[in-house]
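Chains as they are written, first to last, in the working numbering: chain A, 109 to 707; chain B, 109 to 707.
Glycine included, C-beta positions come from ideal geometry on N, C-alpha and C.
Here the structure is a predicted model, which is why all the values come from computation and not from measurement.
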């Protein structure tokens with residue numbers, strides 16, 4: 109693999125030299141700042157061999173560096189081995205960011221190039237400023253990788269479909285109204301959207317252009333009195349065209365967005381999102397209009413699920429939890445009796461989901477890590493590289509589905525046989541943290557930063573940390589990761605921090621990752637709810653959507669507080685009450701046992 | 109009282125009308141943004157009758173409004189009664205800030221006036237921007253209150269003294285070096301300081317110009333190769349003059365700071381602190397130099413106590429804790445037997461402190477609140493208004509001293525006899541919170557925002573909040589409140605949020621305040637320490653400086669977790685071990701009893 113990487117670097121450097129470019133930057137992003145890009149856009153993976161979902165590559169004449177976050181340190185180390193690419197561990201002490209690195213390493217008069225469609229406006233502008241200081245320049249109309257990527261996959265163009273209004277809770281017209289109110293609060297009469305999940309939400313449509321994310325390649329422009337939806341021509345069926353004709357929406361061709369922007373006469377300021385609009389779009393808009401920077405109003409509106417969406421999700425999560433319960437039962441009853449591997453276990457889980465009513469797709473590729481493989485947060489077993497499962501140690505499985513009714517995400521770690529005391533201590537501390545956050549009460553105005561220590565505290569007490577946030581937002585029949593809400597203890601540049609609002613759905617997933625030994629994660633999804641309002645303010649709390657047992661074989665109650673044990677027993681009682689009615693009698697009696705009260 | 113306020117408002121409005129001013133703004137601040145201003149500066153109190161330590165007054169032709177924070181809501185309501193001044197409860201939902209209020213209420217072409225020496229640059233600049241938008245203007249060279257305040261107290265001018273280098277840990281020259289390194293990191297060659305405690309720290313001097321704060325009216329200017337210290341001429345003794353002559357410091361006259369700034373030819377940019385430099389100074393500097401906004405580097409350097417300071421503080425806190433233990437014993441043994449009042453109890457406490465070796469002053473006026481009076485966070489009993497103490501309910505006492513060796517601050521709430529179950533529950537939840545924060549472990553990089561919920565959680569779990577931060581920084585023989593560190597769950601505009609650094613000293617003081625019923629606060633002071641450093645990062649924790657029993661008569665162990673009980677017993681064991689050796693035998697045996705292990 110890494111010989112291929114070396115060859116590709118060589119080929120790219122040849123082009124760089126020919127064009128007088130000293131630094132070439134390649135992001136993970138597609139043109140829409142998607143977290144998971146379709147294969148067509150995987151230039152960074154093509155060039156570096158690193159397969160994680162977050163990582164940016166800087167190729168220079170002599171050196172090359174890859175920046176990725178804590179979820180991927182172990183994986184990136186492995187995948188970059190022998191490639192000459194240096195790993196920059198984001199947010200670690202003393203590790204420069206890409207811009208800090210450029211600031212220090214770019215020589216006077218040099219040129220930095222990138223594909224401006226794949227670089228966020230904020231970053232592009234920062235780089236522009238650095239190059240300006242160095243009397244160099246930024247070239248952003250270049251896609252060098254395309255020139256050497258001869259077998260590049262074609263760009264996806266799948267059918268787009270409209271969702272039934274009944275499961276959306278709001279019409280397109282109502283959503284456009286909400287967005288325009290938010291726009292006018294920022295004194296803007298126009299909004300350009302390129303974030304696909306925002307566009308899907310706003311227009312009550314879905315697509316299939318990104319694996320696991322039911323989104324379509326699209327752009328949108330909202331003006332005071334019109335809204336333009338840009339879709340690929342071949343993705344639009346007659347049925348969809350008819351439906352759109354009945355909406356306050358003008359359908360346009362995806363390929364013509366840049367042309368449209370170039371020719372647009374703007375009435376009033378244009379709202380752009382620094383993180384979610386590409387540098388290329390920003391440069392076009394800036395030429396003809398006043399730009400106001402601000403978050404896409406769609407992002408916050410989308411994150412606060414309405415009652416229809418929440419009702420749908422509650423139901424879907426019961427079905428999805430049932431799937432994980434069945435997996436747990438199968439695993440516990442068959443381990444050591446029939447051959448199993450990380451791959452076949454994941455396949456078993458995925459098939460259970462596929463058989464579930466309303467299933468559309470997985471919401472991300474199932475992570476199934478055994479023993480030390482589970483220490484890699486986003487480990488993917490492959491045909492070439494996987495472990496057989498035995499009746500010992502622990503298995504971590506993190507998985508979810510896209511259903512017509514919601515997007516799910518859940519992680520459980522199971523004992524497959526004897527485990528060490530340390531593993532039990534770690535598992536118990538993780539469960540305590542997850543349950544403390546789930547049962548946390550807080551005042552309105554809190555962000556995830558205020559609450560993170562509820563989940564992380566039991567680990568910090570043991571001098572252990574997990575190098576990622578505790579929770580992310582989750583879409584509704586949309587991306588499994590969505591903003592702006594999250595639970596983290598610190599925020600890197602560009603990360604959003606917002607008060608947790610009623611209806612926001614979040615994951616709650618503390619973990620322990622001991623390199624070379626074991627990995628544990630327990631993840632529930634929860635909804636933010638209003639509680640008592642009194643003279644001290646509006647109190648808030650969470651409701652769990654996930655109802656899957658926490659493996660009692662891994663629980664050591666001796667290190668738990670009274671409250672932690674109550675939390676666990678109360679949760680397990682609810683799991684039984686909600687899931688048993690969906691089960692056969694035999695399954696229900698098994699569930700009764702694994703959700704038994706502990707002391 | 110409020111007739112007087114009404115008359116004063118009338119007189120001020122007359123001047124406003126004569127000068128064509130529609131809005132006149134009066135802050136709590138002196139010229140140095142001190143939290144506690146000397147009587148000379150108490151224009152806001154003179155004009156409104158509100159005596160709290162934080163509150164800003166806006167007087168308009170027809171209306172008047174006072175903005176204050178949650179500590180003072182109850183008190184301000186009382187003191188403003190019948191004055192026509194509207195109370196604006198800062199940070200409450202739907203309550204505008206002063207600038208939001210101005211934005212909404214200023215009419216085109218109107219004039220806003222204030223004394224620019226008492227308004228922070230940030231706020232002055234915000235107001236300037238609002239007035240500009242409204243085509244009005246800001247006048248900042250006016251002090252209307254001075255014109256009607258005929259019996260205004262004279263400005264303090266007490267002797268300034270130098271501290272022995274041995275108790276400072278660093279020389280003036282060393283501190284100037286540290287400050288210049290920090291300045292150069294911001295590409296600044298000059299720094300103007302007007303925050304008195306920063307100046308005292310930097311020059312190893314102290315004064316007596318503000319009650320309870322050992323500071324002198326002063327300014328300072330640090331350039332690349334000189335440092336100018338501005339003191340009132342009559343405050344400088346021959347001895348001090350001789351000492352300053354040996355330091356790399358030029359002594360200047362306090363009265364001539366504005367003139368000096370007007371005539372200064374600057375070499376390089378000037379660093380100014382938006383919050384701590386007055387608008388008047390900013391306007392002068394801005395005319396002749398490039399201004400760089402940034403925190404005073406002195407503030408952060410001062411907050412990280414060195415080992416000499418910490419050793420001195422540990423010793424002083426033992427002596428001070430002994431004082432509070434003696435008060436507790438006296439109170440518990442004599443309540444109901446001898447007449448006592450809030451006033452006489454505070455006097456008893458203050459006298460115990462005054463008799464302590466090294467005592468200089470109180471660090472703030474002792475707060476001694478009985479029953480519902482304790483619900484006012486910063487209640488002050490007066491000769492006209494105080495409660496007698498009886499053998500029932502609870503007494504809250506919050507007090508501290510300035511010693512040659514440290515500044516102390518401590519709060520305890522004691523049962524004086526029978527209490528209700530609710531009081532015990534509230535007291536226990538407060539103790540749990542205080543001890544959870546004290547025993548918290550966290551990663552380096554955390555700010556007080558990450559940790560606040562440790563202290564506040566047991567109250568939030570009960571739908572109770574306290575409307576103030578959990579902790580503030582504390583000076584070394586300096587102000588009892590200092591920045592930039594703090595523990596809060598949210599930050600209002602202008603509040604600083606910094607990672608907790610080794611050596612930072614913080615208060616930890618959760619509370620419950622039930623208007624008309626009772627108030628509880630338990631406050632320890634603690635030092636931030638480094639713990640284990642491993643692959644997950646640098647872990648941090650706290651060390652307590654305060655060693656005073658937590659009243660077991662108010663503890664209900666049935667609502668505590670195992671860990672909370674361990675925290676309490678461990679703390680009480682330490683209290684006994686540290687304080688008993690300083691006590692008589694009879695006292696020590698009493699202490700043994702009140703620090704007994706509970707279950």
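### Task
State the CB to CB distance for the pair residue 393(A) and residue 287(A), rounded to an integer number of angstroms; the pair is presumed to be in contact (CB under 8 Å).
Rounded to whole angstroms, the Cβ separation of residue 393(A) and residue 287(A) is 18 Å, and the two are not in contact under 8 Å.
### Message
Please report the distance separating the alpha-carbon of residue 471(A) from that of residue 572(A).
### Response
In a straight line, the C-alpha of residue 471(A) is about 30 Å away from that of residue 572(A).
### Message
On a Cα-Cα basis, can you pick out the residue from 621(B), 311(B) and 365(B) that is closest to residue 349(B)?
### Response
Selected option, being the one with the closest Cα: 311(B).
#### Entry: Length-filtered (4 minimum) alpha helix (DSSP H) runs lying within the region 308 to 372 of chain B
Uninterrupted alpha helix (DSSP H) stretches at least 4 residues long and entirely within the region 308 to 372 of chain B occur at 346 to 353 and 365 to 371, given in chain order.
### Task
Answer with yes or no whether the minimum CB distance from residue 644(A) to chain B is below 7 Å.
Yes, its Cβ sits closer than 7 Å to a Cβ of chain B.
### Query
Are the C-beta atoms of residue 569(B) and some chain A residue less than 7 Å apart?
Yes, contact with chain A.
### Message
I need the straight-line Cα distance from residue 459(B) to residue 185(B), nearest angstrom please.
### Response
Rounded to the nearest angstrom, the two C-alpha atoms are 32 Å apart.
### Query
Going by the beta-carbon positions, is the gap between residue 575(B) and residue 178(B) smaller than 7 Å?
Yes, these two residues count as a Cβ contact at 7 Å.
### Query
Which residues mark the beginning and the end of the beta strand (DSSP E) in which residue 507(A) is found?
Here the beta strand (DSSP E) through residue 507(A) covers 502 to 507.
### Query
With distances taken from CA atoms, which of 508(A), 674(A) and 255(A) is nearest residue 427(A)?
Out of 508(A), 674(A) and 255(A), 508(A) has the C-alpha closest to the C-alpha of residue 427(A).
### Query
Can you tell which of 173(A), 500(A) and 512(A) has the C-alpha that lies nearest to the C-alpha of residue 466(A)?
Selected option, being the one with the closest Cα: 512(A).
### Task
Consider the C-beta atom of residue 645(B) and the heavy atoms of the ligand SAM; say whether any pair is separated by less than 6 Å.
Annotation note on the ligand SAM: not contained in the displayed structure, which lists no ligands.
### Task
Along the alpha helix (DSSP H) that carries residue 422(A), what are the first and last residues, could you check?
Annotation for residue 422(A): the continuous alpha helix (DSSP H) segment containing it runs 415 to 442.
### Task
Kindly list the residues whose CB is nearer than 8 Å to the CB of residue 590(A), restricted to its own chain and excluding five residues on each side of it in sequence; keep chain order.
Here the set comprises 305, 407, 410, 411, 580, 581, 582 and 583.
### Task
Use the C-beta contact count for residue 718(A): other C-beta atoms within 10 angstroms, 16 or more gives buried, fewer gives exposed.
No answer is possible for residue 718(A): the residues shown for chain A start at 109 and end at 707.
### Task
Give a yes or no on whether 7 Å exceeds the smallest Cβ distance from residue 561(A) to chain B.
When Cβ-Cβ separations below 7 Å define contact, residue 561(A) makes contact with chain B.
### Task
Can you say whether residue 131(A) is buried or exposed, counting buried as having 16 or more other CB atoms within 10 angstroms of its CB?
With a threshold of 16 other beta carbon atoms within 10 Å, residue 131(A) meets it and is buried.
### Segments of 3+ residues assigned as beta strand (DSSP E) that fall wholly inside the region 532 to 612 of chain A
The qualifying runs are 579 to 581 and 590 to 595.
### Task
Could you pull the start and end residues of the alpha helix (DSSP H) that residue 52(A) belongs to?
One cannot answer for residue 52(A) here, as it falls past the ends of chain A, which runs 109 to 707.
### Task
Name, please, each residue of chain B whose Cβ falls closer than 7 Å to the Cβ of residue 549(A).
Residues of chain B with a Cβ closer than 7 Å to the Cβ of residue 549(A) are, in chain order, 568 and 569.
### Task
Identify every run of the alpha helix (DSSP H) within the region 181 to 261 of chain A, keeping only runs that are complete inside it and at least 4 residues long; order them along the chain.
With a minimum length of 4 residues, the continuous alpha helix (DSSP H) runs that stay inside the region 181 to 261 of chain A are 181 to 188, 206 to 213, 229 to 241 and 252 to 256.
### Query
Alpha carbon to alpha carbon, what distance is there between residue 246(A) and residue 592(A)?
About 30 Å.
#### Entry: Through-space distance from residue 595(A) to residue 436(A), alpha-carbon basis
Rounded to the nearest angstrom, the two C-alpha atoms are 28 Å apart.
#### Entry: Limits of the unbroken beta strand (DSSP E) element including residue 476(A)
475 to 478 is the extent of the beta strand (DSSP E) around residue 476(A).
### Query
Listed in chain order, which residues of the region 660 to 676 of chain A have Cβ atoms closer than 7 Å to some Cβ of chain B?
Within the region 660 to 676 of chain A, contact with chain B at the beta-carbon level (separation under 7 Å) is assigned to 669, 670 and 671.
### Task
Measure the Cβ-Cβ separation of residue 343(A) and residue 265(A) and say whether it is below 7 Å.
Contact: yes.
### Task
Closer than 6 Å by C-beta to residue 250(A): which residues in its own chain qualify, once you throw out the five before and the five after it? Chain order, please.
221.
### Rounded distance between the beta-carbons of residue 271(A) and residue 314(A), thought under 8 Å
In this structure, residue 314(A) and residue 271(A) form a Cβ contact; the two beta carbons are roughly 6 Å apart against a cut-off of 8 Å.
### Message
According to DSSP, simplified to helix, strand and coil, what is residue 464(A)?
### Response
Looking at residue 464(A) - three-state DSSP - the assignment turns out to be coil, as it is neither helix nor strand.
### Message
Taking CB distances under 7 Å as the criterion, tell me whether residue 398(A) reaches chain B.
### Response
Contacts with chain B at 7 Å (Cβ-Cβ) do not include residue 398(A).
### Query
Going along the chain, which residues of the region 570 to 582 of chain B sit with their C-beta nearer than 9 Å to a C-beta in chain A?
Residues passing the 9 Å Cβ filter: 570, 571, 572, 573, 574 and 575.
### Query
With contact counted as at least three CB pairs below 8 Å, one residue from each stretch, are the region 615 to 630 of chain B and the region 537 to 554 of chain A in contact?
Contact between the region 615 to 630 of chain B and the region 537 to 554 of chain A is absent: fewer than 3 CB-CB pairs across the two stretches fall below 8 Å.
### Task
Measure the Cβ-Cβ separation of residue 615(A) and residue 633(A) and say whether it is below 7 Å.
Closer than 7 Å, so yes.
### Task
Determine, using beta carbons only, whether residue 168(B) and residue 159(B) come nearer to each other than 7 Å.
No.
#### Entry: Which of helix, strand or coil DSSP assigns to residue 136(B)
Note: residue 136(B) maps to coil in three-state DSSP.
### Query
CB residue 709(A) to CB residue 659(A), shorter than 7 Å?
Limits of chain A in this structure are 109 at one end and 707 at the other, which puts residue 709(A) out of reach.
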